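First residue of the sequence shown? That's 3 in our numbering, and the numbers climb one at a time after it.
One structure is given here, and the rest of the page talks about it.
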Amino acid sequence: MPSLELDRHNDDRQEKLMYAITGVTGHVGGAAARELLAKGEPVRAVVRDRAKGGPWSEAGAEVFAADLGDRAALAEAFRGCRGAFVMLPTDPAADDAGHRALAASIAGAVRDSGVPHVVMLSSLGAELAEGTGPVRWLHHLENLLRETGVLLTAVRSGHFQEKAEAVLDAARGAGVYPVFGDSADTPLPMIATRDVGRVAAEALLSPPSAGEVIDLDAPAYTERQVAESLAAVLGRPLQVVTIPQSQWVDTMVEAGLPPQLARELADMYAAVDRGLLQPAGDRRLTCPTDIGETLRRLVTPAP
């Protein structure tokens, strides 16, 4: 009987193990956390600034303050959890070495914590070491995580539908929809971040038997179609303006981006034009949300 009681105690403790979610103040991490909470799963919302954790505490999550660059604090956030969702944010002020150091901090925290399963937000093209702009840092993080021995689920996404946020001011103010490319009529899959978060949550709840890469697919749209959908939501016409590659960096710098980040993004756009960001994973999932629904949410956020 004592062994039976011990087993029951262990089962009860296992049931209470949490899922640690980084990036909860962003689109994907927030969607993953909401999905888990809606299913009645315990969530540890990892935030850099505890003051931003209020809404998550009210939603029923445990809030833990840890900077992604603080390996010890992040390891403590992951420790005792059944699984963790991690992502590598693009820091406008950081260079290549800075992003690699941040990736090393995240992987080190995973190793130190002993968390058994990690779901990572990655990108199509992350199998490539170079020539993809910021995506190469995700390549680096994927490999560092694999080296820890953790069970890794890498969720590789393409373009987010929410990238339209970057042009909202130009659309609202000048009635312009800028496109970084020679054509606005090339269709590309565009994925809603709420779908990505849902996939991440489902991956946490159902760990694979071995590490895997999940490629995400979605409806394809041209930038002109996105502009037309955004115009309908805004209730005003938009002029689609294509920006040739020779002007990409200068245009982004004029818009306020640091030159270093502008060059990185230009490299990523060039990789897209060259067709380098393609599915190369173990399996593929389709994300169904329509671009019109996402644009309506961006323009008129829920209260």
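For each residue, glycine too, the CB sits at the ideal point set by N, CA and C.
Computed from a prediction, not measured in an experiment: that's the story for all the values here.
Close Cβ partners of residue i (< 7 Å) along its chain, the five nearest in sequence each way excluded
i       : result
Leu-297 : Ala-166, Ser-231, Leu-232 and Val-235
Asn-12  : For Asn-12, the predicted structure reports a pLDDT of 40, less than 50, and the residue's modelled location is therefore unreliable. The matter cannot be settled from this model.
Pro-246 : Asp-184
Ala-264 : Val-251, Met-254 and Val-255
Pro-189 : Ala-222, Tyr-223 and Thr-224
For residue j and residue i, the rounded distance between their alpha carbons
i       : j       : result
Arg-217 : Arg-286 : The sequence as given places Asp at residue 217; Arg does not occur at that position. Cα to Cα, the separation comes out at about 5 Å.
Ala-128 : Ala-203 : 21 Å
Ser-5   : Leu-19  : Note that Ser-5 has pLDDT 39, beneath the 50 cutoff, so the model's placement of it is unreliable and no number is given.
Gln-16  : Leu-123 : Because Gln-16 sits at a pLDDT of 45, beneath the cut-off of 50, its placement in the model cannot be relied upon, and the point is left open.
Asp-97  : Gly-258 : 17 Å
Ala-47  : Tyr-179 : 35 Å
Arg-148 : Asp-114 : 14 Å
Leu-278 : Val-198 : 21 Å
Ala-2   : Asn-145 : Coverage of the chain is limited to positions 3 through 305, which leaves residue 2 absent and any answer about it impossible.
Val-242 : Val-228 : 10 Å
Asp-219 : Pro-209 : 20 Å
Gly-177 : Thr-302 : 18 Å
Ser-125 : Gly-237 : 33 Å
Gly-116 : Ala-63  : 21 Å
Arg-52  : Val-26  : 12 Å
Residues that DSSP places opposite residue i in a beta bridge
i       : result
Arg-265 : Answer by DSSP bridge pairing: none, since Arg-265 is not bridged.
Ala-47  : Ile-23 and Val-65
Ser-159 : Ser-125
Met-254 : Bridge partners of Met-254: none, in fact.
Pro-191 : Ala-222
Pro-210 : Looking at the DSSP assignment, Pro-210 forms no beta bridge with any residue, so it has no partner.
Leu-154 : Val-120
Val-243 : Pro-180
Cutoff 6 Å; reference residue i; Cβ partners in own chain excluding five residues on either side
i       : result
Arg-284 : According to the sequence as given, residue 284 is Asp; it is not Arg. Counting only Cβ-Cβ distances below 6 Å, and skipping sequence neighbours, we find Glu-214 and Val-215.
Leu-2   : There is no way to answer for residue 2, as the model of the chain reaches only from 3 to 305.
Leu-143 : Leu-90 and Ala-105
Glu-225 : Val-181 and Ala-186
His-101 : Trp-139
Glu-266 : Gly-135 and Pro-136
Proximal residues to residue i (C-beta, below 8 Å), its chain only, five neighbours per side dropped
i       : result
Ser-107 : Leu-70, Gly-71, Asp-72, Arg-73 and Leu-76
Glu-164 : His-29, Ala-194, Thr-195, Thr-296 and Leu-300
Asn-109 : Residue identity check: residue 109 is Ala in the sequence provided, not Asn. Same-chain partners within the cutoff: Leu-143, Leu-146, Leu-147, Glu-149 and Thr-150.
Host beta strand (DSSP E) of residue i (start-end)
i       : result
Asp-219 : 214-219
Pro-239 : Taken as a continuous stretch (DSSP letters only), Pro-239 belongs to no beta strand (DSSP E), as it is neither H nor E.
Pro-180 : 178-182
Start and end residues, alpha helix (DSSP H) containing residue i
i       : result
Thr-195 : 195-207
Val-169 : Val-169 -> no alpha helix (DSSP H), and no H or E assigned at all.
Pro-57  : 56-60
Ala-35  : 29-40
Minimum Cβ-Cβ distance from residue i to chain C less than 8 Å
i       : result
Ser-125 : No chain C appears in this structure, which consists of one protein chain only.
- Query: Whole beta strand (DSSP E) runs in the region 68-137 with 3 or more residues, listed along the chain?
  - Reply: 85-88 and 119-125
- Query: For the region 268-304, which segments carrying the alpha helix (DSSP H) assignment without a break, of at least 4 residues, lie completely within its bounds, in sequence order?
  - Reply: 293-301
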